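Have a look at the structure below, then the notes.
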Amino acid sequence: MQVDIAIEGGFVGMVDREQFDEWLRERAATHGAERRTGRFVRLDRDADGVCVLHYDGAEGPAHVRTRAVIGADGARSQVAAQAVPGADRGRFVFAYHEVIALPEQVPAGYAAGRCEVHYNGSLSPDFYGWVFPHGASISVGTGSADKGFSLRRGVMQLRATAGLAHARTLRREGAPIPLKPLPRWDNGRDVVLAGDAAGVVAPASGEGIYYAMLGGRLAAEAVAQLLATGDVRALASARRRFMREHGRVFWVLGVMQHFWYRSDRRRERFVSICRDRDVQRLTFDAYLHKRLVRARPLAHVRIFFKDMAHLLGLARV
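Residue 110 in my numbering sits at position 110 of the sequence shown, with consecutive numbering throughout.
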C-alpha cells in the first residue's frame, strides 16, 4: 500500500549536517563564543568546588574552568552519564543509514522533492525505513530497538527496492536515537543537557533537529539565568519549559509508535489511516507547527471513529 501526502502551506526541510553543524559553530564564534576543538573526557571539581571540564584537544590534553556546562554531546551523552542523575534510564532506537550519490539515471518512481517512509517488518520490526533526498545525495536508512535485527541488511533491501542498489555509496553512519526525554536534564548545580543528550527526539518520526535547536536555546537561557541570579533552580527551567510546550506531543507520538509499529498488520492499518485527509491535515499541522491542533473538533471526532474501526478490525485495509 502506498500513500502520497501533500504538504499544504509549508515544507519539510532536509538538513545537510556536514554543512549545517559547521555553520552553527562559526555562527557561535561570530557572536562571541571562544571556539575550542576537542573530545570530552571528564568533569572534575577544583578545591573551590568549581567545575573543571577536561578534553583532548588538537595539541593534547586540556581543561577549562567554568561556572556552567551545557552537555550537547549526543545520545548516550558522556556529560549526562557523569553528572546527571537518571541518565542511565534512557531508551534508544539504533539507526543506520547510507548516504549515496544521486545516480545520473534516476530510478523510476524517485522524486527529488519527496521524502519516502517505508513501513515493513523486513526493513525494521519496530520503526521504519526511509529514502530522503539531499540534493546531489540521498540518505537511505532504517532503525530498530531490536539488537538482533540487521540494520545493514534492511538498508541493502531498501536500496534494492528503491532502485538504488548500484548507486555509489559516499559514507555509512550509525547512531542511537533517543526514544523519550530523560527524566532530568540538570544536576542541580552547574550542568544542563540539550538535544539528543536530553533525549529530545520525537517518537514515531525520529525528528530531532528542531528540538535540538530549541533545547539548546532553552539550556542557554537557563544558564544565563543561573549566572545572573546564582539560583541553581534556574537549570531545571530548560526541561520544564520544553515539556510544557512539547510534552503532550511527545506522549501522543510515543503511544502511536508503541501501538502501530508493533507488527506488519498494524503498520498496514496505520498506513491505511494515513490515506484519510483529516488525518493528513491534522498530522502535518502538528508536524509543521510543533503543537497539537484543536481547531477542527469535527475532524477529531471523525478520526476517533476511524481509529476505532481499525482497532476493532472493522475497517477495510
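No residue lacks a Cβ here, since even glycine has one placed at the ideal position from N, Cα and C. On a predicted model such as this, the values are computed, not experimentally measured, just so you know.
Taking the C-alpha atoms as reference points, what is the distance between residue i and residue j?
i      : j      : result
HIS300 : GLN280 : Reliability of the predicted coordinates at HIS300 is poor, the pLDDT of 46 falling under 50, and the value obtained from them is presented with this limitation in mind. So the alpha carbons of these two residues sit roughly 12 Å apart.
VAL200 : GLY247 : 10 Å
GLU221 : ARG239 : 12 Å
VAL106 : ALA167 : 10 Å
ARG76  : PRO176 : 8 Å
SER237 : ARG244 : 10 Å
ARG45  : VAL52  : 5 Å
PHE132 : GLY230 : 45 Å
PHE259 : ASP126 : 10 Å
PRO118 : VAL84  : The question names Pro, but residue 118 is His in the sequence shown. Taking the straight line from one Cα to the other gives about 36 Å.
GLU268 : GLY86  : 36 Å
GLN2   : GLU18  : 32 Å
GLY188 : GLY148 : 38 Å
ARG277 : ILE5   : 9 Å
ALA81  : GLU22  : 26 Å
ARG266 : ILE7   : 25 Å
CYS274 : ARG262 : 17 Å
ASP16  : GLY135 : 9 Å
GLY154 : ALA234 : 44 Å
Go ahead and label residue i buried or exposed: buried means 16 or more other beta carbons lie within 10 angstroms of its beta carbon, across all protein chains shown.
i      : result
ARG27  : exposed
GLN257 : buried
ALA224 : exposed
HIS97  : buried
THR161 : buried
ALA185 : Sequence check: residue 185 is Trp here, not Ala. Buried, since its Cβ has 16 or more Cβ neighbours within 10 Å.
LEU311 : Only weak support is given to the placement of LEU311: the predicted model assigns it a pLDDT of 47, under 50, and the question is left unresolved by the model.
LEU214 : buried
MET308 : Low local confidence applies: a pLDDT of 47 at MET308 is under 50, so the model's placement there is unreliable, with the coordinate-based value given in what follows. Classification of MET308: exposed, given that the 10 Å Cβ count is below 16.
Where does the unbroken alpha helix (DSSP H) through residue i begin, and where does it stop?
i      : result
HIS246 : 237-260
TYR210 : 209-229
ASP21  : 17-30
THR161 : 151-161
VAL201 : Element bounds for VAL201: n/a, residue is neither H nor E.
VAL79  : 78-83
Between the options, which has its C-alpha nearest residue i's C-alpha?
i      : options                       : result
PHE20  : TYR210, LEU288, ARG233, GLU98 : TYR210
SER356 : TYR128, GLY215, LEU123        : Because the chain is modelled from 1 through 317, residue 356 falls outside the range shown and cannot be assessed.
ALA72  : ARG171, ALA198, ALA47         : ALA198
ARG321 : ASN187, ARG152, GLY188, ILE7  : The first residue shown for the chain is 1 and the last is 317, placing residue 321 beyond what the model contains.
VAL252 : MET156, LYS290, GLY216        : LYS290
VAL271 : ASP48, GLU116, GLU173, ALA145 : GLU116
Is it true that the CB of residue j sits closer than 8 Å to the CB of residue i?
i      : j      : result
LEU164 : LEU182 : no
ALA95  : GLY141 : yes
SER137 : LEU179 : no
ARG42  : ASP190 : no
ALA58  : THR37  : yes
VAL93  : SER139 : no
ARG65  : VAL79  : no
ARG35  : TYR55  : no
ASP196 : GLY74  : yes
GLY129 : ASN120 : yes
ALA228 : ILE70  : no
GLY206 : GLY143 : yes
PHE250 : PRO203 : yes
GLY10  : LEU288 : yes
What is the residue span of the beta strand (DSSP E) that residue i lies within?
i      : result
ILE273 : Note, ILE273: premise wrong, no beta strand (DSSP E); alpha helix (DSSP H) at 264-273.
ARG65  : 60-66
ALA175 : 169-178
ALA95  : 92-101
SER144 : 137-144
LEU55  : The sequence given here has Tyr at residue 55, not Leu. Taken as a continuous stretch (DSSP letters only), the beta strand (DSSP E) holding TYR55 covers 51-57.
PRO133 : 129-134
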